[in-house]
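S.K.: For the sequence shown, the numbering used here assigns the number 7 to the initial residue and increments by one for each residue that follows.
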Amino acid sequence: MLIEYKGVSRLSGNLIFFKTVEGIRYGERVKIKTKDRVLNGKVIHIDEKLTLIEVLGQTYSLKPEDISVVFTGKPFEIPVSESMLGRIMDFAGKPIDELGDIIPEKFSEISGSAYNPYRREYPKDFVHTGISAIDGLNSLVKGQKLPLFAVSGVPTDELVAQIVRQIKSPQEKSATIFGAVGIRYEIADFLISEISSGGNFFRTAVFMSLADEPSVNSIILVRSALTLAEFLAFDKGYDVVVVLYDMTNYCEALRDLSSKRGEIPSRKGYPGYMYSDLATIYERSGIVKGKEGSITQIPVLTMPDDDITHPIPDLTGYITEGQIVLDRAVHQKGIYPPINVLPSLSRLMNRGVSKLHQRWAHQLYSAYAKAKRVEMLASIVGESEISEVEKLYLQFGRNFEKQFIHQGRYEDRPLDKTLEIGWSLLRALPVEELTRLKEEDINRFILGAEDEGTDQ
7 MLIEYKGVSR LSGNLIFFKT VEGIRYGERV KIKTKDRVLN GKVIHIDEKL
57 TLIEVLGQTY SLKPEDISVV FTGKPFEIPV SESMLGRIMD FAGKPIDELG
107 DIIPEKFSEI SGSAYNPYRR EYPKDFVHTG ISAIDGLNSL VKGQKLPLFA
157 VSGVPTDELV AQIVRQIKSP QEKSATIFGA VGIRYEIADF LISEISSGGN
207 FFRTAVFMSL ADEPSVNSII LVRSALTLAE FLAFDKGYDV VVVLYDMTNY
257 CEALRDLSSK RGEIPSRKGY PGYMYSDLAT IYERSGIVKG KEGSITQIPV
307 LTMPDDDITH PIPDLTGYIT EGQIVLDRAV HQKGIYPPIN VLPSLSRLMN
357 RGVSKLHQRW AHQLYSAYAK AKRVEMLASI VGESEISEVE KLYLQFGRNF
407 EKQFIHQGRY EDRPLDKTLE IGWSLLRALP VEELTRLKEE DINRFILGAE
457 DEGTDQ
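1. Using the C-alpha atoms, what's the distance from V160 back to V359?
2. Does S119 pass the burial test, meaning 16 or more other C-beta atoms within 10 Å, or should it be called exposed?
3. Who are the near neighbours of G13 in its chain, counting only those whose CB is closer than 8 Å to its CB and skipping five residues on each side?
4. Looking at the unbroken alpha helix (DSSP H) that takes in M355, where does it start and where does it end?
5. How far does the beta strand (DSSP E) with Q172 in it reach, from first residue to last?
6. Can you tell me whether F451 is helix, strand or coil according to DSSP?
7. T322 by DSSP, collapsed to three states: which one?
8. Just reading off the alpha helix (DSSP H) that L144 is part of, what are its end residues?
9. Whole alpha helix (DSSP H) runs in the stretch 213-252 with 4 or more residues, listed along the chain?
10. Considering only the alpha carbon of each residue, which of D163, Q150, G328, D283 lies closest to I314?
11. Who does S264 pair with in a DSSP beta bridge?
12. Which of the three DSSP states is assigned to Q303 in this structure?
13. Please look up how many angstroms separate the CB atoms of G99 and S230, rounded, as I've assumed it's under 8 Å.
14. Quick one: Cα of V86 to Cα of I301, how far?
15. Taking only the alpha-carbon atoms, compute the straight-line gap between E164 and R415 and give it to the nearest angstrom.
16. For L8, I'd like the list of residues in its chain whose CB is within less than 6 Å of its CB, leaving aside the five on either flank, ordered along the chain.
17. Flag this pair as touching only if the stretch 324-340 and the stretch 171-185 have three or more C-beta atom pairs under 8 Å; answer yes or no.
18. Report all residues from its chain with a CB closer than 6 Å to the CB of A235; omit the five preceding and five following residues, and keep chain order.
19. Give, in chain order, every unbroken run of the beta strand (DSSP E) that is at least 3 residues long and sits entirely within the stretch 171-207.
20. Counting only the same chain and skipping the five closest in sequence on each side, list residues whose C-beta sits under 7 Å from that of L68.
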């Protein structure tokens with residue numbers, strides 16, 4: 007029998023300070039009852055005298071003397087089901103698309119369970135996004151966690167929607183989970199419209215929390231999305247890609263809750279445990295031995311003040327395997343997507359692409375890096391003062407941005423086309439400059455000007 011307890015010491019935002027009673031445990035789900043409503047809560051701290059309960063919902067008009075608490079003895083769980091694909095849900099998996107209830111196949115704890123490192127398989131197999139700057143030079147690999155570092159003033163919303171629409175795993179049984187974390191209503195409306203209009207929506211599950219919702223909803227949403235991902239991947243055998251946007255809002259919510267708890271802040275006011283907290287999210291990806299499915303993550307975050315050394319991108323970079331960097335200067339040139347390929351990196355790319363693709367990517371990267379150095383030199387001394395070879399590099403850099411990086415917002419570019427664009431750009435350079443390619447590569451693709459086809 008469940009017992010109702012009185013004993014609220016005080017309220018602080020979405021936190022209830024409660025006198026500790028015997029038998030409760032960390033992470034336990036709590037029912038908070040008042041005269042006119044019932045709210046859910048979660049135990050987030052316990053000591054000998056005090057229990058801290060996080061309220062999952064609006065706390066307006068709550069008074070300590072009117073509150074009674076029921077400890078359920080169960081962890082916080084959400085319903086999971088394959089039928090959640092093609093649906094739009096709130097932070098806890100409750101449908102908000104007015105298409106009816108979802109019948110759960112099981113209930114799963116949102117905190118997940120630790121993966122035994124011995125049981126992990128090394129990420130492998132190319133994952134298609136249809137975006138040349140990613141597929142060609144910073145390839146995403148199945149089981150990888152590859153973040154996207156955005157800046158303000160660039161079309162991040164459009165790029166995120168395009169990735170969710172177009173992303174494809176090599177396995178036919180695949181799914182995409184999109185977690186919209188603490189976003190504004192107009193952005194949510196745009197993303198839903200864009201994502202649902204794509205032909206991949208029947209394989210996509212959307213979790214959404216808005217900016218005016220309590221901070222704790224953002225914390226729970228990310229874990230709810232990953233809980234469904236684990237169910238689909240490891241129980242049902244899906245290759246799942248999880249896109250989380252915007253993880254900066256998640257970290258701000260974490261800082262807000264930490265401040266309300268009265269915890270000692272660390273760098274820039276964020277809690278000292280933010281690194282380990284982010285690790286509990288990002289490390290819920292990968293391939294597990296004996297399981298058919300996989301989880302690949304693309305966390306998207308907006309860098310505060312465009313600072314890549316800020317705690318959020320800094321700690322994210324420590325945990326994940328590379329980064330895709332958006333650049334305002336690229337955007338101002340009219341290039342979409344505004345990806346700066348020079349600071350971008352996919353550490354696991356070589357596991358998912360062929361040796362030829364690797365050499366092709368290294369040569370393109372090297373040539374573009376030299377083109378940017380020539381561009382800087384030309385801006386100082388003038389184009390008329392640089393050598394003929396440097397002029398070729400200068401033109402290469404401009405063509406690379408216009409033809410390779412730039413593509414339509416609804417253009418799902420095949421990998422073969424991405425590769426051919428790269429080869430055609432390299433043909434404009436002197437053969438002796440192509441030092442990253444083998445002789446047979448030059449003979450076949452540069453001098454022979456052949457289409458590489460599917461021989462990768």
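No residue lacks a Cβ here, since even glycine has one placed at the ideal position from N, Cα and C. These numbers come from a predicted model, not from an experiment.
M.R.: A quick look at the data gives this:
1. Per the coordinates, the alpha-carbon of V359 lies some 29 Å from the alpha-carbon of V160.
2. S119 comes out exposed.
3. Result list for G13: F24, K25, V27, V75, in chain order.
4. From DSSP, the alpha helix (DSSP H) with M355 extends over 355-358.
5. For Q172, no beta strand (DSSP E) encloses it; the enclosing alpha helix (DSSP H) starts and ends at 162-172.
6. Residue state, collapsed to three classes: helix.
7. Of the three classes helix, strand and coil, the one that applies to T322 here is helix, per DSSP.
8. In the sequence under discussion, the amino acid at residue 144 is Asn, which differs from the Leu named in the question. Going by DSSP, N144 is part of no alpha helix (DSSP H) at all; its letter is neither H nor E.
9. Listed in chain order, the complete alpha helix (DSSP H) runs (minimum 4 residues) inside the stretch 213-252 are 221-236.
10. Checking every option, the nearest Cα to that of I314 belongs to G328.
11. Bridge partners of S264: none, in fact.
12. Q303: strand per DSSP, three-state reduction.
13. Indeed, because the Cβ distance is near 5 Å, the residues count as touching under 8 Å.
14. Approximately 16 Å, taken between the alpha carbons.
15. Spanning the two alpha carbons is a distance of roughly 7 Å.
16. Cβ within range, chain order: V76.
17. In short, these stretches do not touch, since the Cβ pair count stays below three.
18. I183, V246, V248, I301, listed in sequence order.
19. With a minimum length of 3 residues, the continuous beta strand (DSSP E) runs that stay inside the stretch 171-207 are 180-189.
20. When the five nearest sequence neighbours on each side are left out, the beta carbons in the same chain lying within less than 7 Å of the beta carbon of L68 are those of L17, T40, in order along the chain.
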